[in-house]
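The structure under discussion appears below in the form of structure tokens.
There are 2 protein chains.
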Amino acid sequence: MLKRLSKDIKKLNTKKKTTIKDIANVLNISTAAVSKALHNDSRISKKTKKAVRQVAKNLNYQPNHLASALRKGKSNLVGVIVPRTNSNFFSSVIQNIEEVLNKEGYNIIITQSNESYKKECNNIDTLLFTQVDGIIASMANETIDLEFYEKVKAKGIPLILFDRGENDLNVDYIGINDYESSHVIVEHLVKQGRKRIAHIGGYKHTRIFNNRIRGYVDALKKHHLPLDNELLIESSLTIEDGRQKMEQLLKLKNRPDAVYIASDYAALGALQLLNELQIKVPEDIALVGFGNEPFTAMVTPSITSINQHSEEIGKQAALTFLNYKNKKTIKQTLNKIILDAELVVRESSAPK
Amino acid sequence: MLKRLSKDIKKLNTKKKTTIKDIANVLNISTAAVSKALHNDSRISKKTKKAVRQVAKNLNYQPNHLASALRKGKSNLVGVIVPRTNSNFFSSVIQNIEEVLNKEGYNIIITQSNESYKKECNNIDTLLFTQVDGIIASMANETIDLEFYEKVKAKGIPLILFDRGENDLNVDYIGINDYESSHVIVEHLVKQGRKRIAHIGGYKHTRIFNNRIRGYVDALKKHHLPLDNELLIESSLTIEDGRQKMEQLLKLKNRPDAVYIASDYAALGALQLLNELQIKVPEDIALVGFGNEPFTAMVTPSITSINQHSEEIGKQAALTFLNYKNKKTIKQTLNKIILDAELVVRESSAPK
DNA sequence: ATTTTTTGGTTAAACGTTTAAGCAAACTAA
DNA sequence: TTAGTTTGCTTAAACGTTTAACCAAAAAAT
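These protein sequence lines map, in sequence, to chains Z and P. In this text, residue positions in the first sequence follow full-length UniProt numbering: the first is 1, and each later residue adds one. In this text, residue positions in the second sequence follow full-length UniProt numbering: the first is 1, and each later residue adds one.
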């Protein structure tokens, strides 16, 4: 009974969080000394440091992040904006960003745009409001107007884009070589004996998708394949739209014998339709996706795809941010990192 | 040339963020008046409010969240911990939490434990360090020791668990009726004429998985089916382990004619193996997963599963937190919300 | 005409840190 | 011995808000 009571009293005491002032009082030194001791300042004696650390532990001291952030003018928070988290690519990028930044004392705030421009603007406002020290983002499909990103730049907050970027914005960027990836894919399909290669691509206004389209067109030229406008289709690249656009291709008098789709999700939709219609993949039509999402290895037939190196992208994005903060020069050369993509060949693109 | 220069000067000026002090100076009033005006305090005249708002807009004022959080003793940040974000269930829960909390002026910090106990502890420390006003979490598979969650409770920070919870912790919880779900599944399989129903379940120490196992056992009894220990297997429920445990089941002399798997991911692994071995689903073996992940509808054959109502879980978790903050009573009755799950019948469990 | 109430503010302290500047005491060098 | 340096702190201000307490002037009530 008595024990319980004393426990309760202790709990009540711990409710009021202990501050450096409490530590200072115990040791009869100034709060400044405590602060310095905790930061291992050279002007504090070893004895005092030891004592401070001991008392801090005893009182279960947890530094107030808000106070130090306010004083130092930085929140040690980095905002991350992604179209969605439930794709392996984005969640893997996030995980790697987190890993690198946590080590340097930064935390991340993750927000999703759900491919909506409006939500993305909200997210940016939210992050600015939260006083983040930087923003790492991949833009929504809808996003064309860059006003909100300009706002971030204008505030002098480091902005790093990955995957879905924009040239006009003139900020740091980490991505893969989309143009070259298309070449690799087309080359692979040509080697498998394909002659009529279609491309279900993303919106042209998004740079990465535009590059994939350009790569596709140029690669066709290179291999002296005819460029048929019917075979080049713009899509939102969702599962549903992939299915729909594949349907469109199947209606052609002269069907393609291979389809390169700029997203694994859309490729999955296309594959489902083909399976339902008993059209044989890869015998009748070969399929290549993009992104190397785990399910590409799991479906039947498994889907050939492009590995986007999400781990490396995440790491480099984080490092780019850290670089920004360490160098305090106002002008800084932009960091544009373009990684080579890697083709992962699976069943869906085997020879006829 | 001159225009550009003046723009640059403006930019330099905006670098130093405007504060309520700046607004106060312009209007020759006190910062207190500005603060009150911005919060629509009744003791400020309409004229002043209007003027303040105008100047705030002109100077592009953005409130310093850190300062107000420090002063008010709350950060308006809610921490969310999930095992991973790249599952549709979790990302959907997160999205709904975010939606509800954003409306009330809260932002969320998402962290992933990757099913690791150590990472989860780190996440908790991180969130406490960031001075979150509350934590909404779903525990990692590994987590047995609740010391860190007790720490959260001891600090008086609202803690709400969902999906993966723990009875011992005695905190608010939102989840589905796992025990009942197992009944629904077994009943469904029995109706399809299945006689030997196996269960690949999760770790027994996790409450939800334990409930599913108990439900499975009791439902078998109810339908007078024999309970065969060989047919009840504990698994980590990853894709790989699902595959492996299915292999184990296939080695039995007396194979099951239906398998209920406590996770869609493990069910996917099992299905892959069955497909490879040309074992017909559902003719030879029926399959039921859990979670209603989108891919269950996409694979061949599509997988029957349980819809966990992720949207509702997210919403209720957020509302439970808000409820916590609004009522300032110290004692509060615990909120245990158990939603009814819904069986989504697909190809994998059609009659023989 | 005097008191009371309302209106529309102001003043100053507080939230918990960090940090520039200062300073006494102890030590070192000449 | 004395000037200079080093050590180990202290003082006080600052970061940008919010808020309790106070107050003068105007309006309303008596």
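Beta carbons are placed, not taken as given, at the ideal position from N, Cα and C, and that holds for glycine.
The alpha carbon of residue 281 of chain Z has as its nearest neighbour, out of Z:250, Z:350, Z:309, Z:166, the alpha carbon of Z:350.
Just so you know, the alpha carbons of residue 186 of chain P and residue 295 of chain Z end up roughly 28 Å apart. Residue contact check for residue 246 of chain P against chain Z: no CB pair falls below 9 Å. Under DSSP, residue 28 of chain P forms no beta bridge with any residue. For the segment 292 to 315 of chain P, the set of positions with a beta-carbon nearer than 7 Å to some beta-carbon of chain Z reads 295, 298, 299, 300 in chain order. Residue state for residue 142 of chain P is assigned as coil, using DSSP reduced to three classes. Listed as beta-bridge partners of residue 304 of chain P by DSSP are P:288. An exposed status is given to residue 229 of chain Z, since fewer than 16 other beta-carbon atoms sit within 10 Å of its beta-carbon. Across the structure, residue 308 of chain P and residue 161 of chain P are spaced so that their CA atoms are roughly 15 Å apart.
Sorting P:104, P:152, P:105, P:139 by C-alpha distance to the C-alpha of residue 126 of chain P places P:152 at the top.
Three or more beta-carbon pairs separated by less than 8 Å link the segment 226 to 244 of chain Z to the segment 181 to 200 of chain Z, which places the two stretches in contact. 65, 66, 67, 69, 70, 75, 77, 84, 85, 86, 87, 88: these are the residues of the segment 65 to 89 of chain P whose beta carbon lies less than 8 Å from some beta carbon of chain Z, given in chain order. At a beta-carbon threshold of 8 Å, the residues of chain P lying near residue 129 of chain Z are 62, 63, 65, 107, ordered along the chain.
Among the CB atoms of chain Z, one or more fall inside 9 Å of the CB of residue 94 of chain P. Taking 9 Å as the threshold, the shortest C-beta distance from residue 135 of chain P to chain Z does not fall below it. For the segment 260 to 291 of chain P, the residues whose beta carbon sits under 7 Å from a beta carbon of chain Z are, in order, 268, 272, 275. Ranked by Cα distance from residue 292 of chain P, the options P:305, P:111, P:165 are led by P:305. Interface with chain Z (9 Å Cβ-Cβ cutoff): residue 18 of chain P is excluded.
The DSSP assignment places complete beta strand (DSSP E) segments of no fewer than 3 residues inside the segment 206 to 245 of chain Z at 232 to 234, in order along the chain. Counting only residues of its own chain and dropping the five nearest sequence neighbours on each side, residue 137 of chain Z has a CB closer than 6 Å to the CB of 81, 161.
Residue 172 of chain Z is bridged by DSSP to Z:160. Burial is judged here by how many other beta carbons sit within 10 angstroms of a residue's own beta carbon; residue 227 of chain Z has fewer than 16 and is exposed.
Non-local C-beta neighbours of residue 107 of chain P in its own chain, meaning closer than 7 Å and more than five positions away in sequence, comprise 76, 77, ordered along the chain.
Interface residue (Cβ-Cβ distance to chain Z less than 9 Å): residue 21 of chain P is not classified as such. Where residue 56 of chain P is concerned, the enclosing alpha helix (DSSP H) starts and stops at 46 to 58. In the structure shown, residue 80 of chain Z adopts extended strand secondary structure according to DSSP, grouped into three states. Cβ proximity to chain Z below 8 Å picks out 239 from the segment 227 to 239 of chain P. Among the residues of chain P, those whose CB is under 9 Å from the CB of residue 126 of chain Z are 102, 107, following chain order.
The beta carbons of residue 313 of chain Z and residue 163 of chain Z sit about 7 Å from each other, so the pair counts as a contact at 8 Å. For residue 153 of chain P, the enclosing alpha helix (DSSP H) begins and ends at 147 to 154. In this structure residue 143 of chain P is buried. Its beta-carbon is surrounded by 16 or more other beta-carbon atoms within 10 angstroms. Chain-order list of chain Z residues neighbouring residue 110 of chain P: 110, by C-beta distance under 7 Å.
Within the same chain, and ignoring the five residues on either side of residue 155 of chain Z in sequence, the residues whose Cβ sits closer than 8 Å to its Cβ are 128. For residue 155 of chain P, the nearest beta carbon of chain Z is closer than 9 Å to its own beta carbon. Shown here is that no member of the segment 138 to 149 of chain P has a Cβ falling below 9 Å from a Cβ of chain Z.
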